[in-house]
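Step one of this worksheet: look at the structure below.
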Amino acid sequence: MRRGSGFIAVVVLAALAGGCAVQPPRRVTVADANHPIALEKGQDLYVSLKATPSTGYTWQWPEKPDAILTLMAEPTYEPGASSGMVGAGGMQTFWFRAKSIGDQKLRLLYRRPWEKASRPVDVQVFEVQVR
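Number 40 in my numbering belongs to position 7 of the sequence shown; there are no gaps in the numbering.
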């Protein structure tokens, strides 16, 4: 009897732990800009945008201290299919984690890092809602 009740306890604990699992990462692109993106607290968000860093332009996140998202690592760059060509582009990806509940407009700016005073060439806004 004791052996059976131990098994039941393990099954119940496993079921409870499964109910607390964080959702799989959400992956978005420019097609998702200006549309609501629903996340759960603790869920990861990957934002991938076309970039050509060989021209000096990269996507930048002007982080806000009260942001509901945390940048988990430096953005990564994956060369495109024609990466052997000079000036060929690829995808720059940001990895965020939803650290608190709330709404945030995630603004990413496409510009040269040394030209902070000039306007970005492109701006993409993602409407993130963490529940």
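Just so you know, even glycine gets a beta-carbon here, dropped at the ideal spot from N, CA and C.
All of these numbers come straight from a predicted model, not from anything done at the bench.
Item: Below 7 angstroms CB to CB, which residues in the same chain sit around G122 once its five sequence neighbours on both sides are set aside?; Value: K83, A84, T85 and G113
Item: Output the distance between the C-alpha atoms of R59 and Q93, rounded to the nearest integer angstrom.; Value: 20 angstroms
Item: So, using beta-carbon positions, are V158 and Q137 closer together than 8 angstroms?; Value: no
Item: Tell me the rounded alpha-carbon separation between T126 and K149.; Value: 21 angstroms
Item: Could you tell me which of L104, V156 and M124 sits nearest to N67, measuring between CA atoms?; Value: V156
Item: Which runs of the beta strand (DSSP E) at least 3 residues long sit entirely within the region 48-96? Give them in chain order.; Value: 59-61, 69-72, 77-84 and 91-93
Item: Identify, in the order they occur along the chain, each residue of the same chain with its Cβ nearer than 8 angstroms to the Cβ of K74, setting aside the five sequence neighbours on each side.; Value: A131, K132, S133, I134, V163 and R164
Item: On a Cα-Cα basis, can you pick out the residue from E111, S81 and L141 that is closest to S87?; Value: E111
Item: With distance defined between alpha-carbon atoms, name the residue in Y90, W147 and L141 nearest to V80.; Value: L141
Item: Since L72 and V61 are thought to touch, with beta carbons under 8 angstroms apart, how far apart are those beta carbons, to the nearest angstrom?; Value: About 10 angstroms; that fails the 8 angstroms criterion.
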